[in-house]
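Last residue of the sequence shown: number 680 in this note's numbering, and the count goes up by one each step with no gaps.
Note that CB positions come from ideal geometry on N, CA and C, so glycine has one too.
Worksheet for the structure shown next.
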Amino acid sequence: MLGGQLLHGGDYNPDQWLSYPEVFEEDVRLMKEAGVNCVSLGIFAWATLEPEEGRYELDWMDHIITRLEEEGICVILATPSAAMPHWLTQKYREVMQVQADGHRNLSGKRHNFCYTSPVMREKITAINRELSKRFGRRKNVILWHISNELGGNFGDSTCHCELCQEVFREWLKKKYGTLDELNNAWWNQFWSHTYTDWNQIHSPVPYGETTSTALILDWKRFSTEQISDFCEMEIRAVKEFSDLPATTNFMYFFKGLDYNRMQRGLDIISWDNYPHWHKQKDEVPAAVKSAANHSMMRAFKKAPFLLMESAPSGISWRTANPLKRPGMHMLSCMQAVAHGSDSALYFQWRKGRGGFEKFHGAVLDHKYGSNTRTFRDVSEVGKRFKNLSTLIDGTVNQPKAAIVFDWENWWAVEDTQGPRLDFEYKEWIVSHYRTFWEEGIEVDLISMDADLEGYALVSAPLNYMYKEGWADKVRKFVSNGGHFVTTCFSGEVNDTDLCFLGHHPLEDVLGIVPEEIDAPSEEFENSFCYGGMEYPAKDLCGIVHPRDTVEVLSVYEKDFYAGCPVVTCNPYGNGKAWYLAAESDLAFLRAFYKDVFAEVGLHNALDTELPYGVTVTERSSADGEGEKRIVFVMNFKNEPVMVEGIGKWMDAESGETCEGSLELEAFQCRVLTR
Ligand code: GAL
């Protein structure tokens, strides 16, 4: 566990308060009071660290790091590339991004530099080396925080400048070798899009090419590559004089960047979580989304991650920003830990006096300082984390199930002109994930590049693109006894969006032959019976034919495809593959997965039925050999609930025995062990 304890604290911006010297000592005193043991320092501090080109002012930071060390508070030290000083953008215009409309940005805002610019790369390397030299071996500095939310520039995260175009073309040359290869892979004979010169290739922009889905895919891959390369370059610079691990804070299901690629360059995964709690009375949808993101972050390295940012109370960037209701702060921090986080860190420690985010929730308010509900809530977390650290040290969640969530598939399926134009891949994934969550069955979110070894069940909803090698991997997985679920509009295209010819790449495994896909309007909605109940077949209805081996569990009830399979199960080798030919509703997914879980032998850690709003996760010894099993039972309802049939457990925090049933207060998380 990094720093030997669950980290509690967050973004700290003393650089905004240097002319208020009394504030710093007050901060340190209150951090101790709130059980803060870690702060992230210097994230947007470039202008203070280097007020003019080549003149570094690091003494103020030195003083702060030293004082924090005296108080036993550790530091996550940031590199400052996320916001550029005006001297830089004034002297070197080329560091600014060029928008898709061809305009180069003016100075201001943040997260808006060109990832290719040699000047930007040189300047950030220089300051990173200075930071590394001065602070990279300090006792209480524990982690490098590279930039901030890379690529997160209020929309398009890419730069379209001439230099980026050139590097893109070079990247394509390396990938395809010849223009012929590229033209064939992109099907460029269509609409006479054949390239005869590499310089004809331009990034997709609204006033240029927007219809070549293969170009768009490669541009997104390239952008990910370029941003990852920038991040890795920053890491090399900070590691010149330091052996510390490095992270960068991811956002969420962020469509602009393939985090699955980007994570490879990092030592530790961290992310920023701002769920929309209290958007509605039912907190389950928000809890599920947040949990799904946690599961993905953990699955990248199958290791604990850090919750790098979260709100201590309300935020300031949604149209309406509800405050966290009593109990929710503790629960949301515990939820992160329950899914594998080794921290709860906040944006931000102290509300800035001015600027864009002055009303964003913080541990310390402008007026009331520490005498607030938020401060008390935060302090409660600080207290609880002290004991929890020892309990969970050396543990991580180790699910037996995985859901495939793959960026390249996401980009491809949502750009395709297909049976529908409104695919929401993320929503599909989250609705499947929700059924696992409701049953308290932990699941990893993995890409098609992941190893399937160790999973008993893999589900791949809306798996439109099959990356090279994916079909064989799944075939082997099922053949060796794995269970696989997939849906309609899967296995349609390869990596460059070319349709598979002849047959579905997993026809043998799935036991079905797909023919057509209907996208019925509401009036043409179909239906089917499953487990004695009727469910809708809507939005997307695949018409498939059964092969000899397959068991047809449901058929369409109406229209010209009445009698065609909707739900099938095919034995293959030592395993089984289910196919869902139609989109249905949550009620169906619940019923379906319940049966799948029973068949696979998956159950939650308490081995009992959970009431609505309650879920369970488990962290166990990461080496697979230790004895630790720590179970988190979370109630996302704002009222008490009773979980029945739990057997005998001990409350790991109070030592109290819990037998038969477990009571949870509104928004409570209890931690159990055997
Ligand atoms: C994050 C960002 C922080 C802060 C926060 C506000 O996305 O990393 O710097 O802006 O949002 O919620």
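Chain-order list of residues whose beta-carbon lies under 7 angstroms from that of residue i (same chain, five-residue window excluded)
| i | result |
| --- | --- |
| H284 | P328 and R331 |
| H208 | Q171, G214 and E215 |
| V294 | V436, Y439, R440 and W443 |
| Y461 | K406, A407, A408 and G488 |
| L608 | K406, A407, I447, A462 and L463 |
| V125 | Y98, E100 and V101 |
| D559 | Per the sequence presented here, residue 559 reads as Leu, with Asp not at that position. Result list for L559: Y536, V573, T574 and C575, in chain order. |
In DSSP terms, what residue i is bridged to
| i | result |
| --- | --- |
| G544 | The sequence as given places Lys at residue 544; Gly does not occur at that position. Bridge partners of K544: E589. |
| R676 | V639 |
| D501 | Looking at the DSSP assignment, D501 forms no beta bridge with any residue, so it has no partner. |
| H551 | V519 |
| K654 | E665 |
| S626 | V402 and R635 |
| Y562 | F534 |
| M471 | V499 |
| E58 | R61 |
| G488 | Answer by DSSP bridge pairing: none, since G488 is not bridged. |
| Y352 | G16 |
| T621 | M640 |
| F311 | S347 |
| I409 | L451 and S465 |
| V649 | L668 |
| M102 | F119 |
| R110 | V104 |
| M539 | Y536 |
As assigned by DSSP and simplified to three states, the class of residue i
| i | result |
| --- | --- |
| G581 | strand |
| D524 | strand |
| N576 | strand |
| F483 | helix |
| Q222 | Before going further, note that residue 222 is Ile rather than Gln in the sequence given. In this structure, I222 counts as helix in the three-state DSSP scheme. |
| I148 | strand |
| I4 | Any answer about residue 4 is impossible in this case: the structure gives the chain only from 7 up to 680. |
| R426 | coil |
| N266 | helix |
| F30 | helix |
| L64 | coil |
| P20 | helix |
| D235 | helix |
| S437 | helix |
| C570 | coil |
| R390 | helix |
| H609 | coil |
| I241 | helix |
| V556 | coil |
| D450 | strand |
| R331 | coil |
| N255 | strand |
| T122 | coil |
| R140 | helix |
| R731 | What is shown of the chain runs 7 to 680, which leaves residue 731 out entirely. |
| A84 | strand |
| V42 | coil |
| M90 | coil |
| L74 | helix |
For residue j and residue i, believed in contact at Cβ under 8 angstroms, the rounded distance
| i | j | result |
| --- | --- | --- |
| W177 | F260 | So it is not a contact: roughly 21 angstroms between Cβ atoms. |
| S385 | G41 | 6 angstroms |
| I82 | H14 | Their Cβ separation, rounded to whole angstroms, is 12 angstroms, which puts I82 and H14 out of contact at 8 angstroms. |
| Y431 | V419 | 5 angstroms |
| W52 | A89 | 6 angstroms |
| S319 | G367 | 4 angstroms |
| V343 | L394 | 7 angstroms |
| V561 | F534 | 6 angstroms |
| V622 | A611 | 5 angstroms |
Cβ neighbours of residue i in the same chain (closer than 6 angstroms, five flanking residues each side left out)
| i | result |
| --- | --- |
| D514 | none |
| S163 | G157 and G262 |
| E645 | A672 |
| Q674 | N641 |
| R553 | G517 |
| R116 | A88 and A89 |
Proximity test, residue i beta-carbon vs ligand 3 heavy atom, cut-off 8 angstroms
| i | result |
| --- | --- |
| S322 | Although ligand 3 was asked about, the structure shown includes only ligand 1 as ligands. |
Spatial neighbours of residue i in its chain, beta-carbon cut-off 8 angstroms, leaving aside the 5 residues before and after
| i | result |
| --- | --- |
| T54 | D21, L24, E63 and W66 |
| R356 | Y18, N19, W23, V29, D33, A368, V369 and L370 |
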